[in-house]
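Enquirer: To convert, note that position 142 of the sequence shown is 286 in the working numbering; the numbers rise steadily by one, no gaps.
Would you mind keeping the following structure in view while I ask a few things?
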Amino acid sequence: GDNFKKVRDSIPVTCVQAFNAVQWVLKSNFSPEELSNAYPVSYRYCNLKEGKTLEDAFINLSNQMKIGHEAGIRNSARLIRPSNGAPEQLTKYDFVLSYGSPDWEEWGKTIDHYWSDVHNTDENKAVRETYSCENSRMYSGTLIR
Numbered sequence: 145g146d147n148f149k150k151v152r153d154s155i156p157v158t159c160v161q162a163f164n165a166v167q168w169v170l171k172s173n174f175s176p177e178e179l180s181n182a183y184p185v186s187y188r189y190c191n192l193k194e195g196k197t198l199e200d201a202f203i204n205l206s207n208q209m210k211i212g213h214e215a216g217i218r219n220s221a222r223l224i225r226p227s228n229g230a231p232e233q234l235t236k237y238d239f240v241l242s243y244g245s246p247d248w249e250e251w252g253k254t255i256d257h258y259w260s261d262v263h264n265t266d267e268n269k270a271v272r273e274t275y276s277c278e279n280s281r282m283y284s285g286t287l288i289r
């Protein structure tokens, strides 16, 4: 209603694209309240390998992320499946993979941990056998409340 319009109009950005999407939210081991004023988020376009499903991707990535969570790495991920009204560039892909961390220091720990303790695991091999991604990019997010 009117309150939504006031909030929307107070945000100093405009959105040039809007479309429906379904998000498969993987387990996060931090809360939104722990996000820093400028937190990292990455996005990449992904395609499933022959015979694989989004459920396979969700399960295998969950298993891979569990390694980091058990080691104290704080991160989260979402598998985003664009739907009605999606821009043409997204229709070539099965899903968009989004990763986030509560702050940039934690993002660095996540990357270091991946290459030292996750990259050569069976869990990561299962991920690579399920889907492949391209066009990785990073953004600095800001909470607007």
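Note that the Cβ used here is the ideal one computed from N, Cα and C, for glycine as well.
All values reported here derive from a predicted model rather than from experimental measurement.
Give the secondary structure of Val-151 by DSSP, where H, G and I count as helix, E and B as strand, and everything else as coil.
Expert: helix
Enquirer: Out of Glu-273, Ala-162, Tyr-243 and Asn-268, state which residue places its alpha-carbon closest to the alpha-carbon of Asn-173.
Expert: Tyr-243
Enquirer: For the candidate residues Asp-200, Cys-277 and Glu-177, whose alpha-carbon lies nearest to that of Leu-241?
Expert: Cys-277
Enquirer: Between which two residues does the alpha helix (DSSP H) carrying Arg-218 extend?
Expert: Arg-218 -> no alpha helix (DSSP H), and no H or E assigned at all.
Enquirer: Quick check on the DSSP output: the alpha helix (DSSP H) that includes Trp-248 runs from which residue to which?
Expert: It spans 248-257 - the alpha helix (DSSP H) in which Trp-248 sits, taken as one unbroken run.
Enquirer: Give the single residue among Thr-197, Pro-184 and Gln-208 whose Cα lies nearest to the Cα of Tyr-258.
Expert: Gln-208
Enquirer: Kindly indicate which three-state DSSP category Val-262 falls into: helix, strand or coil?
Expert: helix
Enquirer: Mind pulling the alpha helix (DSSP H) runs of 4 or more residues that sit fully within the stretch 185-231?
Expert: 198-214
Enquirer: Helix, strand or coil for Gln-233, going by three-state DSSP, please let me know.
Expert: helix
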